[in-house]
Amino acid sequence: MKKSRKSSPPPHEVRANSDKAPSLSPDTARRRRWWFPFAAVLLIPGLLALGELALRLGGYGYVTDYFVPHPAAPGRLVENQRFPWRFIPPTLARPPEPVVLSPQKPANTYRIFVFGESAAEGDPAPPFGFARILEVLLRARYPDTRFEVVNTAFTAINSHVILPIARQCADLQGDLWLVYMGNNEVIGPYGLAPVFSRWAPPLPVIRASLALKTMRLGQWCAARLESLRRSEAAARGWGGMTMFLNHQVSPDDPRLAVVYANFERNLADIVRLGRGAGALIVLSTVASNLRDCAPFGSLHRADLLPEQLTAWNALYQDGVAAEARGDFREALRVYEQAAGVDDRFADLHFRRGRCALALGQAREAREHFERARDLDTLRFRADTRLNEIIRHTARSSAGKGVELLDAERVFAEATPDGVPGEEWFYEHVHFNFAGNYRLARAFAEVVTRLLPSAITARTAAGAGWLSEAECARRLGYSPGQERDICEVMRRRFEEPIYRRQLDDSERLKRLARRLEELRGEAKPGARQQAARIVREALSGTPDDPVLHELLARTLLAAGQLEPALAQWREVAARLPHDPTASFESAQIWLQLGKTAEAEAAFRRALGLNPDHARSHEGLGLLYARQSRATEAIRHLRAAVRLDPTRSQAAQELARLAGDSR
């Protein structure tokens with residue numbers, strides 16, 4: 021007899037039932053829903069922390085503070101040469117000037133911090149910048165007090181970079197903060213020129229990005245992004261102002277409003293930080309060369325019709341012809357007609373300013389020169405709006421430890437026609453010695469009003485301010501130094517950005533005349549006299565590393581190699597963290613034919629700063645001459661990677677590569 025079997029379900033039902041997960045109780049499901057977010061909250065930060073720790077242990081990344089511990093003197097601080105990397109691609113970043121600082125302010129010291137960009141740094145000659153002159157002025161007038169002026173300014177930065185510097189300075193017992201900034205706000209980091217960064221984002225985005233880059237993980241991510249979208253400028257390396265040539269910004273660009281708002285907030289935060297740290301604040305407007313610096317770029321208004329442009333060009337050329345033959349009244353008349361068609365072209369206002377000035381119409385001339393600056397589409401000068409923000413910020417805090425120095429007005433009043441020019445500036449914003457002295461005097465007069473009575477009561481006998489000539493003597497400035505700076509400017513004026521300016525040929529002629537007047541300063545006897553002037557300055561401040569470096573360079577120019585070496589040793593003793601003295605010593609050893617000493621000096625420089633491209637290049641070229649190809653290639657590659665403008669290194673690399681084929 022057959023046993024009966026239970027009927028089986030259809031195959032599709034079996035599959036369906038077998039795929040069905042066992043049901044969960046409501047309590048278990050609820051716990052699981054809570055567990056996953058909780059685990060994610062713990063796991064993600066944990067993974068990030070592990071990644072950060074791994075990168076740090078592996079030596080990846082860089083410290084982001086402006087001041088870092090002195091490598092040879094515990095308890096002291098020095099500038100961080102990698103500080104700009106958080107804001108600017110390393111191949112484009114300019115390093116800060118060397119500084120050594122004690123976190124604890126010494127007794128009987130009045131500490132002043134200076135914040136700004138290249139004009140505040142003193143470019144093209146930082147040893148003669150206004151911060152150095154200010155220190156000389158104050159020390160001479162109040163000899164019983166040690167004034168310490170710490171200049172944190174350097175090239176190619178703006179308020180987004182300066183604010184983090186100020187944040188660290190707030191812990192360093194500054195008595196007074198001087199702020200002279202604004203020239204780079206549009207073209208600097210997070211501005212509108214896509215050289216250092218690609219856009220002008222809202223301030224919270226900028227600050228979040230910068231905060232992330234304080235972590236090694238953030239730096240790693242930023243480096244990956246940079247490698248994917250590396251800018252042409254970063255690939256080419258530092259190219260000065262010419263890097264911005266193709267990045268004009270119309271005065272109607274709506275993004276300028278973001279730039280102005282960011283600047284206002286950053287400036288207010290710098291003031292807040294300083295006052296919170298107990299420092300008094302002096303905010304300065306920013307002066308610029310109006311009379312002898314034509315706009316770098318001009319654009320017509322966007323809605324100009326073709327027939328209007330044709331009419332404008334005809335009128336403009338008629339005006340240029342009248343101006344060239346000295347008929348300034350006729351030129352003005354025609355230029356005014358052109359302005360009726362399109363008054364947004366910066367060069368037109370500059371020409372109107374020159375004609376008005378030639379006719380003795382100083383007030384009208386200044387208005388046109390200022391308009392030319394504000395319409396300049398290559399915005400290397402602080403404009404009217406930025407200076408208004410500075411004035412407003414200072415006045416809104418008046419009586420609360422914040423003072424305004426209206427430097428723009430100071431230079432206008434010091435100029436007979438009210439239109440500052442080459443009597444104060446080398447080019448658009450950088451001061452010559454007279455300009456630096458004038459600004460330092462203006463700052464000194466404000467500082468004096470803010471000093472405590474314990475200091476002002478101990479004024480030196482006959483307590484006037486030192487003259488410009490006496491300040492020059494105490495800083496080692498001489499006609500020979502002026503000649504060297506003029507040579508620097510002559511080379512700078514060969515850059516395409518300057519050659520485009522409509523007053524380029526006139527400026528070059530004036531500079532050539534001045535160099536001819538100073539031609540004798542290049543002779544051996546004049547070089548010896550320049551060295552004597554620096555030695556005399558050193559007798560008053562023998563521990564000043566800047567003067568020792570100035571003397572080293574002056575002696576080298578005079579052909580005194582061994583004495584120059586001795587001065588570089590003095591610099592190294594006072595700035596043992598800085599590679600410059602070792603690098604320059606290596607160059608002198610090479611001139612003396614002592615390659616072993618040169619190699620040791622190059623290696624010493626790289627020990628102090630492994631990113632020093634010039635030392636990599638020097639060592640690589642030395643090894644190439646010694647047929648040590650493998651070592652040469654390694655250092656030459658490093659030089660080009662760190663600084664793509666190292667053309668000699670690139671050429672030698674190409675030659676070595678050709679030899680190896």
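Numbering-wise (the numbering used here), the sequence shown opens with residue 21 and increments by one. Glycine residues also receive a C-beta, built at the ideal position from the N, C-alpha and C atoms.
- Close CB contacts of L183 within its chain, under the 7 Å cut and outside five residues either way in sequence, are with N286, D289, I290 (chain order).
- Counted as a single uninterrupted DSSP element, the beta strand (DSSP E) harbouring I301 occupies residues 300–304.
- Ranked by Cα distance from A658, the options H636, E387, N282 are led by H636.
- Beyond the five residues adjoining it in sequence on each side, E590 comes within less than 7 Å, by CB distance, of H568 in the same chain, given in chain order.
- Contact annotation, L324 with D362: C-beta distance approximately 5 Å; criterion of less than 8 Å satisfied.
- In this structure, the straight-line span from the alpha carbon of S270 to that of G149 is close to 32 Å.
- Contact check for F264 against I185 fails: the beta carbons are separated by 9 Å or more.
- Taken through DSSP and simplified to helix, strand or coil, T413 comes out as helix.
- Non-local C-beta neighbours of E604 in its own chain, meaning closer than 6 Å and more than five positions away in sequence, comprise W588, ordered along the chain.
- S417 places its beta carbon less than 9 Å from that of R295.
- Going by DSSP, T129 is part of no alpha helix (DSSP H) but of the beta strand (DSSP E) stretching over 129–136.
- Under the three-state reduction of DSSP output, L196 falls in the strand class.
- Contact annotation, Q268 with L158: C-beta distance approximately 42 Å; criterion of less than 8 Å not satisfied.
- With a contact defined as Cβ atoms closer than 8 Å, F400 and V439 miss out at about 18 Å.
- Annotation: C189 to S525 spans about 44 Å, alpha carbon to alpha carbon.
- Short of 6 Å from the beta carbon of P115, and not among the five residues preceding or following it, lie these beta carbons of its own chain, in chain order: Q101.
- Proximity of the segment 175–182 to the segment 102–109 meets the contact definition, three or more beta-carbon pairs being nearer than 8 Å.
- In this structure, A139 lies away from V354, with their beta-carbon atoms at least 9 Å apart.
- Within 10 angstroms of the beta-carbon of C375 lie 16 or more other beta-carbons, which makes it buried.
- The segment 495–514 makes contact with the segment 547–558, as at least three CB pairs between them are under 8 Å.
- Per DSSP, reduced to three states, the secondary structure at V169 is strand.
- Inter-residue distance for A127 and N204 is about 37 Å (C-alpha atoms, whole angstroms).
- Between the segment 466–482 and the segment 430–439, the count of Cβ pairs shorter than 8 Å is below three; the stretches do not touch.
- Looking from the CA of R645, the closest CA among H632, G613, R624 belongs to G613.
- Approximately 14 Å separates the beta-carbon atoms of V279 and V225; this is outside 8 Å, ruling out the contact.
- In the three-state scheme derived from DSSP, where H, G and I count as helix and E and B as strand, V120 is classed as strand.
- If you check the CB distance, H597 and L628 come in under 9 Å.
- D564 is classed as buried because its beta carbon has at least 16 other beta carbons within 10 Å across all chains shown.
- For the segment 624–665, the full-length alpha helix (DSSP H) segments reaching 4 residues or more read 633–645, 649–662 along the chain.
- The Cβ atoms of R478 and D195 lie no closer than 9 Å to each other.
- Boundaries for F316: no beta strand (DSSP E) harbours it, and the DSSP string shows neither H nor E there.
- Burial check for A652: the Cβ neighbour count within 10 Å reaches 16 or more, so the residue is buried.
- By alpha-carbon distance to K125, the top candidate from L522, E246, R96 is R96.
- Taking every protein chain shown into account, the CB of N282 has 16 or more other CB atoms within 10 angstroms, so this residue is buried.
- Under DSSP, F87 shares a beta bridge with E99.
- Our two residues, N309 and P123, have alpha carbons roughly 38 Å apart in a direct line.
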